Each structure stands twice: as C-alpha cells, then as structure tokens.
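Residue 240 in the working numbering sits at position 76 of the sequence shown, with consecutive numbering throughout.
Shown next, in structure tokens, is the structure this report addresses.
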Amino acid sequence: MQPQRNEPGIYTLVLSLPQPAQIAVGSLGVIDLSRGFYSYTGSAMGPGGLKRVDRHIQVLKGIKTTRRWHIDYLLPHTSLLEVFISRTSRDLECIIARAIGKRLPAVPRFGCTDCRCPSHLHYAQKQQEMLAAVATAHSEASQNDA
Numbered sequence: 165m166q167p168q169r170n171e172p173g174i175y176t177l178v179l180s181l182p183q184p185a186q187i188a189v190g191s192l193g194v195i196d197l198s199r200g201f202y203s204y205t206g207s208a209m210g211p212g213g214l215k216r217v218d219r220h221i222q223v224l225k226g227i228k229t230t231r232r233w234h235i236d237y238l239l240p241h242t243s244l245l246e247v248f249i250s251r252t253s254r255d256l257e258c259i260i261a262r263a264i265g266k267r268l269p270a271v272p273r274f275g276c277t278d279c280r281c282p283s284h285l286h287y288a289q290k291q292q293e294m295l296a297a298v299a300t301a302h303s304e305a306s307q308n309d310a
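Printed below as a string of structure tokens:
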C-alpha cells in the first residue's frame with residue numbers, strides 16, 4: 165500500500181552517481197564521492213510528512229534550486245533508483261541510518277548535523293548490496309516498531 169503523502173515516516177533514497185564527483189556541500193565543504201550507489205536516510209515527521217520525498221525529487225530534477233539540507237547538494241548529480249519508506253509516527257531515522265551503516269561505509273557527517281550519528285549517507289559499489297542493506301534496515305526497524 166502506498167503511503168499518503170502527508171503521513172509521517174522515515175525514508176531512504178537510493179541514488180546512483182554515474183561518475184566520481186567533487187561536490188560542495190554547504191557546511192561540510194567540498195567532499196569527494198566515488199562512482200557508485202548512495203543511500204540517504206531522512207525523516208518526514210513534520211506537518212508535510214512524506215511530501216518531503218517529493219521535494220527531494222524536485223531538487224534532483226532541477227525544478228527546485230534552494231539548498232536547505234546536505235542532500236540537496238548531492239541530488240542534482242545523481243539519478244533516483246528507489247525510495248524506501250517506513251510509515252511510522254516514531255522517529256526511526258537514526259536507527260535506520262545506523263543499521264545501514266553497519267553494512268556499508270558512511271560519508272562522514274553527511275545529513276546528521278542534528279544528531280550523533282556518524283552519517284545518514286552510505287555508499288556501495290554494487291547496486292544489489294545497497295538495496296539489500298537498505299531493505300534490511302527498514303524491515304528490521306518496522307518489525308521493532310510494531
């Protein structure tokens with residue numbers, strides 16, 4: 165079942181970066197990223213709920229140009245492969261990000277200025293490795309949320 169866009173939840177964007185890139189990311193400065201697959205985990209607990217995912221897609225497509233979050237600087241360089249969503253009223257963002265981080269390397273300090281996580285952006289060379297890590301993290305968090 166598709167979530168209603170105003171529902172609260174946690175999401176992970178799975179992105180493909182087709183070539184290595186140096187990207188200026190706001191307060192992080194310039195970061196070097198390898199070609200491959202990235203996952204970004206975020207929270208949509210506010211009043212707009214999962215509409216935040218729509219905003220990210222608009223940034224990726226160049227429709228929106230305002231840069232508010234670290235992910236906004238990366239999105240225009242990538243293509244979106246998949247969005248994983250956990251419908252919940254509990255803030256599982258850090259739990260999911262840390263679970264992905266147990267399986268995949270992190271891009272230090274990315275997307276986590278408001279928490280103590282090492283990162284909310286993770287990397288894999290292989291798409292299947294990324295998809296498996298993200299699916300497992302969301303599944304485990306959802307089971308523990310029940």
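Beta carbons are placed, not taken as given, at the ideal position from N, Cα and C, and that holds for glycine.
Here the structure is a predicted model, which is why all the values come from computation and not from measurement.
### Task
Return helix, strand or coil for T300, following the three-state DSSP convention.
For T300, the three-state secondary structure derived from DSSP is helix.
### Query
Should the region 272-292 be called in touch with the region 209-219, which here means at least 3 C-beta pairs below 8 Å?
no
### Task
May I ask you to list the residues that DSSP assigns as paired with R219?
Partner(s): none; R219 has no beta bridge.
### Task
Measuring alpha carbon to alpha carbon, tell me which of F201, R232, D236 ends up nearest L348.
Outside the displayed span of the chain (165 to 310) sits residue 348, for which this structure offers no information.
### Query
Which residue's Cα is closest to the Cα of G242: Q307, Q183, R262?
This sequence places Thr at residue 242; Gly is not what is there. Residue Q183 is the option with its Cα nearest to T242.
### Query
What are the partner residues of I195, as DSSP defines its beta bridges?
I187.
#### Entry: Inter-residue spacing [alpha-carbon to alpha-carbon] between A261 and A297
10 Å
#### Entry: Three-way DSSP call (helix, strand, coil) for G265 in this model
In the structure shown, G265 sits in a helix (DSSP, three-state: H, G or I).
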